[in-house]
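Below: one structure, written as structure tokens.
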Amino acid sequence: MIRVTVWNEFFHEKTEPAAREVYPNGIHACIKEFLSVEEDITVRTATQDEEECGLTREVLDNTDVLIWWGHVKQYDLPLEIAERVKQAVLAGMGIIFLHSSHLSRPFCMLMGTACNLKWREDGDKERLWIVDPSHPIVQGVGDYVLIPNEETYCEPFGIPEPDKLIMIGAYEGGEVFRSGCCWRRGYGKVFYFQPGHETYPVYRIPEIQTIIKNAVRWCEPTVRANIDVFSSPNIKKLTD
Ligand code: ZN
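The sequence shown: position 83 = 87 (this note's numbering), numbered continuously.
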């Protein structure tokens, strides 16, 4: 079983009627619901208002893939907890950053760049074009995914060159954005996925759910390594 923790700052859905209407129990509850149907996945949720932001060492030690949604409260996440998440990824935990999480502390730490972008919020239609149809994350999806309304994100996106770019978003205004990006960091796999503004029901679109399910399986750790520094045995002495 792949042990998934869906983490959400859980702020808009409690404070903004438009977000509450779309996700009455929070974005994390919606994602948990569609992942829980899968027989090879077990899901728990965590939110920023919990003790240690719901990200204790025990939670991270028992998480194979962490899904992250954050926005206005990202700078309230203590650096110590962000560092804990980063170290878990370097040691093998998979992580999926959704939408505005491009400015979350763990994402910026793992990328090492500004991770900024241009945006506007006009509810544009987005076509999410699949540029690598062979990639495991986009299996079961057609040439593109149509999102009826989405916040527009626009290049330049201040990320390091992805190891693999698998999706490009195109908006009604003509903007384009690197919407599906994969990296390796240490032993862990990182996937950034752009869709998911809090006032549009993007996570209820079947193809978006398929992509997130595929991404969970792609991010599953192959090993969980001890990344401490060790003294090395002298190979010559061992073989003499
Ligand atoms: Zn947004």
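Note that beta-carbon positions come from the ideal geometry of N, C-alpha and C, so glycine has one too. Here the structure is a predicted model, which means the values were calculated and not measured.
Residue i CB to nearest heavy atom of the ligand ZN below 7 Å
{"i": "residue 104", "result": "yes"}
{"i": "residue 32", "result": "no"}
{"i": "residue 17", "result": "no"}
{"i": "residue 176", "result": "no"}
{"i": "residue 20", "result": "no"}
{"i": "residue 139", "result": "no"}
{"i": "residue 155", "result": "yes"}
{"i": "residue 202", "result": "yes"}
Cut-off 7 Å between Cβ atoms - residues of its own chain near residue i, not counting five sequence neighbours on either side
{"i": "residue 187", "result": "166, 167, 194"}
{"i": "residue 124", "result": "156"}
{"i": "residue 201", "result": "103, 154, 155"}
Anticipated Cβ contact below 8 Å, residue i with residue j, distance rounded
{"i": "residue 65", "j": "residue 6", "result": "Their Cβ separation, rounded to whole angstroms, is 15 Å, which puts residue 65 and residue 6 out of contact at 8 Å."}
{"i": "residue 100", "j": "residue 71", "result": "5 Å"}
{"i": "residue 51", "j": "residue 32", "result": "7 Å"}
{"i": "residue 176", "j": "residue 128", "result": "4 Å"}
{"i": "residue 77", "j": "residue 114", "result": "Wrong, their Cβ atoms sit about 19 Å apart, outside the cutoff."}
Span of the beta strand (DSSP E), counted from its first residue to its last, around residue i
{"i": "residue 149", "result": "148-158"}
{"i": "residue 51", "result": "45-51"}
{"i": "residue 37", "result": "Premise fails: residue 37 lies in the alpha helix (DSSP H), 31-40, not in any beta strand (DSSP E)."}
{"i": "residue 193", "result": "192-197"}
{"i": "residue 234", "result": "Counting along the chain, residue 234 falls outside any beta strand (DSSP E), and DSSP gives it neither H nor E."}
Unbroken alpha helix (DSSP H) run spanning residue i, endpoints
{"i": "residue 218", "result": "210-223"}
{"i": "residue 65", "result": "61-65"}
{"i": "residue 4", "result": "Outside the shown range of the chain (5 to 244) lies residue 4, about which nothing can therefore be said."}
Same chain, Cβ closer than 8 Å to residue i, neighbours up to 5 away in sequence not counted
{"i": "residue 34", "result": "27, 207, 208"}
Check: residue i C-beta below 7 Å from any heavy atom of the ligand MG
{"i": "residue 56", "result": "This structure does not include the ligand MG; its bound ligands are the ligand ZN."}
Beta carbon proximity, residue i to chain D, threshold 8 Å
{"i": "residue 135", "result": "Here chain D cannot be found, since the structure has a single protein chain."}
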